[in-house]
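Participant: Questions regarding the structure given below will be posed in turn.
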Amino acid sequence: MNANARPITGPGPHVVRALGETPIFSPGDTVRVLNRSPIGHYRVPIYLRGRVGVVERVLEPSQLDNEREGFGLNAGDKRHYYRVAFALGELWPGYVGPSHDNLRIEVFETWLERI
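Residue numbers (our numbering): 2 to 116.
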């Protein structure tokens, strides 16, 4: 890392966020990955659809919706990615490892619902 570089910590207090740039989930929120089957390539593994996890982190800054962008449908909407933890026993019922084992993965905001 360059000695002069600073880690990204999100926008400063002077930045006015546009619609969609304010995260709708916070660390600790329990969420479910939507169980939908759209046509085309999407960035949510099938085994996560319908599963429940906990938001660990909001990834800043907000990003263009790359799924919609890939199909030419995006008008510059910005949304957030979230690092979500899923208990391995929730994903694979036969899992015999420690109960605290989990999978952490980044999921785009449009795939999550609060429960």
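Note that beta-carbon positions come from the ideal geometry of N, C-alpha and C, so glycine has one too. Quantities reported herein were computed from a predicted structural model and do not represent experimental measurements.
Along the chain, where does the alpha helix (DSSP H) containing Leu-1 start, and where does it finish?
Facilitator: Because residue 1 is not part of the residues shown, which for the chain are 2 to 116, the question remains open.
Participant: Is the Cβ-Cβ distance between Leu-60 and Tyr-82 less than 8 Å?
Facilitator: Yes, these two residues count as a Cβ contact at 8 Å.
Participant: With distances taken Cα to Cα, identify the nearest neighbour of Asp-102 among Glu-110, Leu-92, Gln-64.
Facilitator: Leu-92
Participant: How would you write the range of the beta strand (DSSP E) that Phe-109 sits in, first residue to last?
Facilitator: 103-109
Participant: Tell me which residue opens and which closes the beta strand (DSSP E) that Leu-113 is part of.
Facilitator: 113-115
Participant: Relative to the C-alpha of Leu-89, which candidate in Glu-70, Arg-80, Gly-54, Glu-107 has its C-alpha closest?
Facilitator: Gly-54
Participant: Take the Cβ of Ser-27 as the centre, count every other Cβ of all protein chains shown within 10 Å, and call the residue buried at 16 or more, exposed below.
Facilitator: Burial call: exposed.
Participant: DSSP puts Arg-58 in a beta bridge; with which residues?
Facilitator: Arg-84
Participant: For Glu-107, count neighbouring Cβ atoms within 10 angstroms of its own Cβ and tell me buried if that reaches 16, exposed if not.
Facilitator: With fewer than 16 Cβ atoms within 10 Å of its Cβ, Glu-107 is classed as exposed.
Participant: Spatial neighbours of Pro-24 within its chain, please: CB distance less than 7 Å, with the 5 preceding and 5 following residues excluded, ordered by chain position.
Facilitator: Val-59, His-81
Participant: Can you name the start and end residues of the beta strand (DSSP E) that Val-34 belongs to?
Facilitator: 31-34
Participant: Going by alpha carbons, who is nearest to Arg-50 out of Gln-64, Val-32, Val-56, Asp-66?
Facilitator: Val-32
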